[in-house]
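Residue numbers (this note's numbering): 15 to 373. Contents: one structure, followed by commentary.
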Amino acid sequence: MPQINIAVIGAGMAGLKAASTLHNIGMNVTVFEKSRGLGGRLASRRTDFGHFNHGAQYVTARNPGFGAFLRQATDHKSARNWRPNLHRGDIESGSIYPTKETSQNPDTISQLDQTAQTSTVGNLAVDCWFQGAPQMNKLIHPLVDDFDIKKQHRIIAIEPSGPRQFILHDDLDGTFGPFDGVIVSAPAPQTADILRPLSPRFDPIGDVVMAPCWAVMVAFEKPLPTAFDAMLYPSPEISWAARSTQNEGVFHTRTPDPWVLHATPQWSREHLEEDKERVIEKLLSALRTASGVKLPELHSIAAHRWRYARTEVPLGKSYLNGMNGRVIAAGDWCLGARVEAAWRSGETAAHAMMETLIG
């Protein structure tokens, strides 16, 4: 097969799944990532006493293919089962977390392991939750191969070069290519900025709605004195609060005690442009109220603003293509707010590219 050169924009789950799939059949793949690290919203921040998982907190599997991927990641020690001591609030969240009802539905129950037992904490079923090991961004480790990954390259434009090739431009006047095909797996608004100038076929990306999320990373000098390690929608301000480490039990928590707080989509929208210091102050106050305990002294604290954190209105299909099938948009926003959705989108985008280029 003649050498086929593919560019993948974005090194999150969708982009790396697409890159790995195409690389494994012999295509020459180059991945462009605007950040210093890999994994996208499977994010982890290093500190002097450990890591904060300040993006996606865990993953589940409903698709057999993604279940097989999680088994592979577990075998490679880059994933582990996670069963937190969980408290659920009374806020109606409309969230994507599995409930008793969905866990009993054969169309939605995890197919990772048919012999796995589902444990129920309160009124929430914990059905095969997994985290990256030792931190969330390690979950993508099985997808990273010896293809070229160019970090800190923000691609801002794709230029057709003749009828069947493309040149990429970054924000520092760099040019790359030519490429025979391009897969863009950035968040929907950023993907739209890149692709809509190319073809009206990409206009539907503008209908996708993604919510922001403020994340606060706080380390307490002493363990937070609660009987749980995680809280789901405990207040109108907080959608999720959890220890960012895996412990044998609440009373064996190491110190400093690291927690991640995620603000609700509505609260994050209302405070999107607020100073980090004010966001931290308000979310700590909400945590104090929701947990019902006095917060220990702070060891360290920081905040991160995710402008595009979770999909509220998805595209409704696993990918979108144009330019005679040689440019493809992919990402979790195509199917929904799940890491599994990103994996599936990346896989189907890669197969669509294969069909276009090699039949």
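Ideal Cβ placement from N, Cα and C applies to all residues, glycine included.
Is residue i helix, strand or coil when you go by DSSP?
| i | result |
| --- | --- |
| K164 | strand |
| E287 | coil |
| A25 | coil |
| M231 | strand |
| T269 | coil |
| T88 | helix |
| D184 | strand |
| P226 | strand |
| Y111 | Its pLDDT being 34, under 50, Y111 is placed unreliably by the model, and the measurement read from it follows with that caveat. Reduced to three states, the DSSP call for Y111 is coil. |
| A171 | strand |
| T189 | strand |
| T303 | helix |
| G64 | strand |
| G195 | strand |
| I20 | strand |
| R55 | coil |
| A200 | coil |
| G238 | The residue you asked about is not Gly; residue 238 is Leu in the sequence shown. It is coil, neither helix nor strand. |
Considering only DSSP beta bridges, list what residue i is partnered with.
| i | result |
| --- | --- |
| M245 | H101 and A255 |
| Q375 | Only positions 15 to 373 of the chain appear in this structure, which leaves residue 375 out of reach. |
| N77 | Answer by DSSP bridge pairing: none, since N77 is not bridged. |
| M41 | Note: M41 sits in no beta bridge, so no partner. |
| E369 | In DSSP, E369 forms no bridge with anything. |
| F216 | F216 pairs with nothing; no bridge assigned. |
| A33 | Note: A33 sits in no beta bridge, so no partner. |
| A277 | I252 |
With the cut-off set at 7 Å, would you say residue i and residue j are in Cβ contact?
| i | j | result |
| --- | --- | --- |
| N67 | S258 | yes |
| I23 | M41 | no |
| L153 | A93 | yes |
| F161 | H276 | no |
| S359 | Y333 | yes |
| A225 | H318 | no |
| G195 | L371 | yes |
| A300 | V274 | no |
| P272 | A233 | yes |
| M245 | H101 | yes |
| G53 | S199 | no |
| A87 | P156 | yes |
| A364 | M231 | no |
| T240 | V307 | yes |
| E47 | K165 | yes |
| M150 | A356 | no |
| I197 | A351 | no |
| G84 | F144 | With the sequence shown as reference, residue 84 is identified as Leu, and Gly is not the correct amino acid for it. Their beta carbons are under 7 Å apart, which means L84 touches F144 by this criterion. |
Residues in its own chain within less than 6 Å of residue i by CB, not counting five upstream and five downstream?
| i | result |
| --- | --- |
| I39 | none |
| V190 | This sequence places Phe at residue 190; Val is not what is there. Answer for F190: L182, listed in chain order. |
| V223 | E326 and V327 |
| H313 | A233, E235 and P270 |
| R60 | none |
Return the chain-ordered list of same chain residues with a C-beta closer than 8 Å to the C-beta of residue i, the five sequence neighbours on each side being excluded.
| i | result |
| --- | --- |
| L409 | Outside the displayed range of the chain (15 to 373) lies residue 409, so it cannot be described from this structure. |
| E354 | V73, T74, A75, R76, N77 and F80 |
| H285 | W228, A277, R292, V293 and K296 |
| I170 | H183, D184, D185, D207 and I208 |
| A366 | Y333, N335, G339 and I342 |
| K91 | A147 |
| W254 | Q71, A244, M245, L246, Y247, V274, L275 and H276 |
Spatial neighbours of residue i within its chain, please: CB distance less than 7 Å, with the 5 preceding and 5 following residues excluded, ordered by chain position.
| i | result |
| --- | --- |
| D217 | R210 |
| R302 | L309 |
| S12 | Because the chain is modelled from 15 through 373, residue 12 falls outside the range shown and cannot be assessed. |
Run the proximity test for residue i: is its beta-carbon closer than 6 Å to any non-hydrogen atom belonging to the ligand NAD?
| i | result |
| --- | --- |
| V196 | The ligand NAD is not part of this structure, which contains no ligands at all. |
Worksheet item: Can you list, in chain order, the stretches of the beta strand (DSSP E) that have 3 or more residues and sit fully within the segment 307-367?
Response: As far as the segment 307-367 is concerned, its whole beta strand (DSSP E) runs of at least 3 residues are 312-327, 334-336 and 341-343.
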